[in-house]
Every structure is written in structure tokens, then in C-alpha cells.
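Written below as C-alpha cells is the structure these notes are about.
Protein chains: 2
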Amino acid sequence: MKATVPVSMASLKAACSQCNLQELCLPFGMSENEIDRLDELVGARRKIKRQHHLYRAGDLFEAIYAIRAGSFKTDVLLEDGREQVTGFQMTGEIIGLDGISTEFHTCNAIALEDSEVCVIPYAKLEELSREVEGLQHQFHKVMSREIVRDHGVMMLLGSMRAEERLAAFLLNMSQRFTARGFSAAEFHLRMTREEIGSYLGLKLETVSRAFSRFQEDGLVAVQQKHIRILSIPGLKKLLHHQPAG
Amino acid sequence: MKATVPVSMASLKAACSQCNLQELCLPFGMSENEIDRLDELVGARRKIKRQHHLYRAGDLFEAIYAIRAGSFKTDVLLEDGREQVTGFQMTGEIIGLDGISTEFHTCNAIALEDSEVCVIPYAKLEELSREVEGLQHQFHKVMSREIVRDHGVMMLLGSMRAEERLAAFLLNMSQRFTARGFSAAEFHLRMTREEIGSYLGLKLETVSRAFSRFQEDGLVAVQQKHIRILSIPGLKKLLHHQPAG
DNA sequence: CGACATTTTGAAGTGCTTCAAGAGATGTGG
DNA sequence: CCACATCTCTTGAAGCACTTCAAAATGTCG
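First to last, the protein sequences are chains A and B.
Residue numbers for the first sequence follow full-length UniProt numbering, so the first one is 1 and each next one is one higher.
Residue numbers for the second sequence follow full-length UniProt numbering, so the first one is 1 and each next one is one higher.
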């Protein structure tokens, strides 16, 4: 028998070079050599149980996180208790970028299911991205993509009607599941109607009614959180037609 | 007489080290030495006439811009013609970050008045920020701040009522004018009611009515685009009270 | 000054919310 | 494994905030 180093699951070192999420995550577009250097950067993995916080608004910002397994929501709370969900994050996506601006997190990140993240200490990331051009470039793209995504949400919240918003949401989920090798048509939503509603600027009843309407129209088959899209073109048509035009 | 190099206004070289907007712009928080190095980076200034585009969605991304004078709006257009204004930008603010993600701009930037920007070639920015730690750090903060700002807009669009949105908008403008050394209470809006409405997810008539309501309630004195805030606490109170609570 | 864009205000319409009740799913402890 | 409590989702009916349509007032610019 060979000597083995004791390993605890909780502190298992992450290794980008061995990770099957490379295509979706920070390493995307980097050379093999560059990805090897990422392994110096990424710290331990951390498990987060369903409904638990990865970080909270007000927490000191020290690291960003790559989602290794599971999914999260991020939200902002108003003093009077109103919640705005600002995003849903899936495997390979980077979470925590809001903290860079003030060195404190400005939103909450909550696991929608038992999940696991790779911890990327931010000071180390800045240091390494001064040396590794591909890392720098990729990190900037990740941040910019977040800005572009946010603009899309603003469009949705500011200019679309309820059913358009839900159609856009479903198409977006479908596309992200596809990118992860899952079915584009059939998937399981991890969030409640209320969370979808908060994200879309609607009440949960409105979300539920829109789902029912889509079902009546033969666009999707809905069974609670299980969604089967029957007509992707049908959903897309909803987006491109002005309702009162 | 000394020999002088001919200088055209249009291509006048920008110099961060001499600029009075340092406190608001990219150089904020950088050391004097670091700011001197920024002068290598920042290219020519560019003048943009009122209503003209700084860039358009689909344009190749080559540079980000620091607003030297004037102001801009950014917007996204839907295929059916609907417009969503995603932000209003003032002096010292950085515009164009959306382009990093795909190497093409994803929104339009339009001058609200005759304006001037400093052109910051992006390739050079990445290069220099690998050498100048303060620049790297500051640039990341600028991007993160944009993400945090966008989350605020989502909260506004998704969870607030018309008058709350307008109050939040006015307080935000007031705070930004203050940071620029102008009055917190009295300022001139450069955008139309329709543009404010698009930004806030409201129709222009609703914006106009909310202004009238604020005027009736003695919170602001409105004369077209000229705004005088009579009670900043009064506007703040509108934000923190749940309407149906 | 005259043409045009912008803003204000009123009145009617509508899409989403609120309130309410019941059905269905999920989890826990005995 | 079932019973019970809890959470989630659906659906109906009434209410209301914002939109739409319309017209007049005001401001802006060539």
C-alpha cells in the first residue's frame, strides 16, 4: 500500500485543470498552461446547504465563487422587507462580483439546493491576473457579461408584459440548461413561483397564471417545478410581437 | 517666440494627471505616480454633439470612454421598437463596459447635450493594468460599481411604485450632482420625461403626474427640466414606507 | 415668428395585484 | 409508513395603479 495524505471532503482543493466545467467557467478561452496556473489560485471548495447563505449583504468581501454544483439566487432586501431577486446562478457561473466595489457584499446569495462552490480569494485573483493575460481577459469578460445580463433584466422589467417576461425567463433557463448538456425542452426549476415573481417584477399569482396560460396555449407542460417546453418558437414569438401594436 | 506644435481641438491629448475630475473618474484612489502612467493610456478626446451616438449596439468594441464634459444615456432597443434606457451617465463616469463581453457593444450611448469624452483604448488598458496595480484595482471597482448600480435599478423596476421610483431617481441625481460640486437641491435634468419614464419603467404621463404630485405635496418645485428639491427627507420617506403595509 | 417637440392634465380602459379559499406537494415525528 | 403540519401552487373575484387616448398649454429652435 502507498502512503496517502488524509483528505477531508470539506477542504478538498479545487483544480480547474481537472474540472469538467471549464467551458462554462472562468477558464473558458484560456490556454492549457494558463489554466494550470489557475490551480494556484482557486482555494478550497465549500458546501452550502439548501436555503443557506453563501454570503450576506454587509459581509466583508474576500473572495468570489465559482459554482461547482447546485444553484443560487441573489437578492437585495429593502428596509421594509421587500425582496428583489437580482439573479439565478447555475454551475460554472461566477458569483460575488458585487463585493469588489465597496469591499463589502451588497446582496445576499442563497443556495436553491445543496450546492458547492470553489472559493477564489480576490486578492490572489488580482495578483495572478496581472501575470496571466488570459485570466485577466477572461475575468473582465465575466464582469462585463454580468453587466450585459443586467441590462437584459432591466429591459424585461421596464418594457415587457407579464407573459413576455415569463417567456424570456423560460427561454433563458432553457438556453443555460442546454449549455450544460441538459435538455433544452425539459428541466426542473429550483426556485419557487414567488422567487420567479420577484425576479420578474410580478406577484407569484401572476406567474402562476402565466404558466397556466402557456399550458392552455400548448406552449409548455407545467407540473409544479417540472417544465417541459412544447414550442420554443412559440415562446419566442411572444417576445417579438408588440402587444398593443 | 517658441516653436509650437499645431494642435487641433479634436485630437487634444487628454491628461488624467491634469484633470479636475480625478476624484470621480478612473484615477480615484490611485497614487500620483500611478496617475502619471495613466497619461500614456488615455488617447484623444472626442466631442459628441447633442443627440449623436458615442457608439451603437453592434459596433466593434475598441475603447471605453471617460466622460469629460456633458452627459449621456445608454439604451437597448427591442426589435419591435421598444426602448429601455439602462442608465444616465455624468462627468467622470466610465461608459462602454458592456462591450468587453462580446467585443461588440450591446447598447447605444447617446449624448444628452454637447459632450466630450476621453477615449481609453481597451487593449492598452488591459496591458497597463497588468503593470499598474492601482489601475487594475480601480478598474475592477468601476465595473463592480456598475453591477451594484444595476441591481439598484432592478430593485426600482421590480419592487417600487411609480412615486417611489421617481423619488429614488431624484435622490440619485441629487447625490451625483453633489459629488460634482453642484447643488444637491437645485439642478437641470438633461433628459426628457419620456427618457426618465423609459429608465423607470413608466410612461411619460405617469412621470409627469408624479412630478405634479410631488409639487402639490411641497416636496419639489418643478419647472420643466429645472428641479428644485424642497425636502430631501420628504423624498427619502417615500422610499422607506411600504405603501400597502 | 411659426413649426415642432415637450409637458401637463383629464377621462376611460386594462393588466396586474390583492384578497381569499382550496388543492397539491413536502417534510417530520411517532 | 402514515398522520399532521407546513409550504407551495392554482384559481376566482374585486380593486387599483398605471396606461392609453386625447387635447391644450408651454417651451424650444431654426
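Where is the CB? At the ideal position from N, CA and C, for every residue including glycine.
If you're wondering where the values come from, they're calculated on a predicted model, not measured in any experiment.
Contacting residues, own chain, Cβ-Cβ under 7 Å from residue i (five flanking each side not counted)
i, result
"F104 of chain A", "G58, D59, L60, F61"
"L202 of chain A", "A162, R165"
"Q51 of chain B", "I110, A111"
"E126 of chain B", "none"
"C118 of chain A", "A14, V42, R45, Y65, A66, R68"
"H226 of chain A", "H188"
"I147 of chain A", "none"
"E32 of chain A", "none"
"A221 of chain B", "Q215, R228, L230"
"L238 of chain B", "E163, E164, A167"
"R82 of chain A", "none"
Option in the options with minimal Cα separation from residue i
i, options, result
"L128 of chain A", "A:E34, A:K225, A:S231", "A:E34"
"E116 of chain A", "A:R145, A:H53, A:V76", "A:H53"
"S231 of chain A", "A:R130, A:M160, A:F214, A:M173", "A:F214"
"I196 of chain A", "A:L170, A:P121, A:T91", "A:L170"
"S101 of chain B", "A:T91, A:Q136, A:Q84", "A:Q136"
"N20 of chain A", "A:G234, A:A179, A:G81", "A:A179"
"Q224 of chain B", "B:Y199, B:E194, B:K236, B:L200", "B:E194"
"P27 of chain B", "B:H140, B:A210, B:E83, B:L157", "B:H140"
"L78 of chain B", "A:V222, A:S159, A:A221, A:R145", "A:S159"
"residue 257 of chain A", "A:S17, A:H151, A:S212, A:S198", "As shown, chain A starts at 1 and ends at 245. That puts residue 257 of chain A outside it, with no answer to give."
"A63 of chain B", "B:G152, B:P121, B:E32", "B:P121"
"L24 of chain B", "B:E93, B:V76, B:M155", "B:E93"
"G181 of chain A", "A:M154, A:R149, A:A167, A:T91", "A:T91"
Per-residue contacts from residue i into chain A (C-beta, under 7 Å)
i, result
"T86 of chain B", "H151, M154"
"G234 of chain B", "Those do not exist, as G234 of chain B stays about 17 Å from chain A at its closest Cβ, beyond 7 Å."
DSSP three-state assignment for residue i, whether helix, strand or coil
i, result
"P121 of chain A", "strand"
"H105 of chain A", "coil"
"S231 of chain A", "coil"
"K2 of chain A", "Reliability fails at K2 of chain A, whose pLDDT of 49 lies under 50, so the model's placement of it is uncertain and the value that follows must be treated cautiously. Three-state result, K2 of chain A: coil."
"T86 of chain A", "strand"
"F187 of chain B", "strand"
"A244 of chain B", "Residue placement at A244 of chain B cannot be trusted, given a pLDDT of 44 that sits under 50; the coordinates are not used to answer."
"F72 of chain A", "strand"
"Q18 of chain A", "helix"
"E205 of chain B", "helix"
"E127 of chain B", "helix"
"H53 of chain A", "strand"
"Q224 of chain A", "coil"
8 Å CB neighbourhood of residue i in its chain, flanking five on each side removed
i, result
"M143 of chain B", "L97"
"K2 of chain A", "Any reading at K2 of chain A needs caution, since the residue's pLDDT is 49, under 50, leaving its predicted position unreliable; the model's value is listed next. Answer for K2 of chain A: no residue qualifies."
"G218 of chain B", "L230, S231, G234"
"A184 of chain B", "S174, Q175, F177, T178, I229, I232"
Same chain, Cβ closer than 6 Å to residue i, five either side skipped, listed in chain order
i, result
"R190 of chain A", "S71, L112, E113"
"V132 of chain A", "E34, R37"
"T74 of chain B", "T86, G87, C107, A109"
"T206 of chain A", "A162"
"Y55 of chain A", "H105, A109"
"I48 of chain A", "L54, A111, S115"
"G29 of chain A", "Q138"
"Y199 of chain A", "V85"
"L204 of chain B", "R193, E194, G197"
CB contact below 8 Å: residue i versus chain A
i, result
"D80 of chain B", "yes"
"S31 of chain B", "no"
"T206 of chain B", "no"
"S115 of chain B", "no"
"K237 of chain B", "no"
"V7 of chain B", "Unreliable positioning characterises V7 of chain B in this predicted model, as indicated by a pLDDT of 45, which lies under 50. The coordinate reading is nonetheless provided below. False, the Cβ-Cβ gap to chain A never drops below 8 Å."
Contact set between residue i and chain B, taken where Cβ atoms lie within less than 9 Å
i, result
"M143 of chain A", "L97, I100, S101, H140, M143, S144, E146, I147"
"Q136 of chain A", "E126, S129, R130, Q136"
Partner residues on chain B for residue i, Cβ-Cβ distance less than 7 Å
i, result
"V76 of chain A", "H151, M155"
Cross-chain neighbours of residue i in chain A, by beta carbon under 8 Å
i, result
"S231 of chain B", "Correct list: empty, because the minimum Cβ distance to chain A is about 19 Å."
Listed by chain order, chain A residues near residue i by CB distance under 9 Å
i, result
"H240 of chain B", "L78, E79, D80"
"G92 of chain B", "Here the premise fails: no neighbours, minimum Cβ distance about 15 Å."
"G201 of chain B", "M154, L157, G158, S159, G201"
Neighbour flag for residue i against chain B, beta carbons, 8 Å
i, result
"C25 of chain A", "no"
"S198 of chain A", "yes"
Contact list for residue i against chain B, beta-carbon separation under 8 Å
i, result
"T106 of chain A", "V148, H151"
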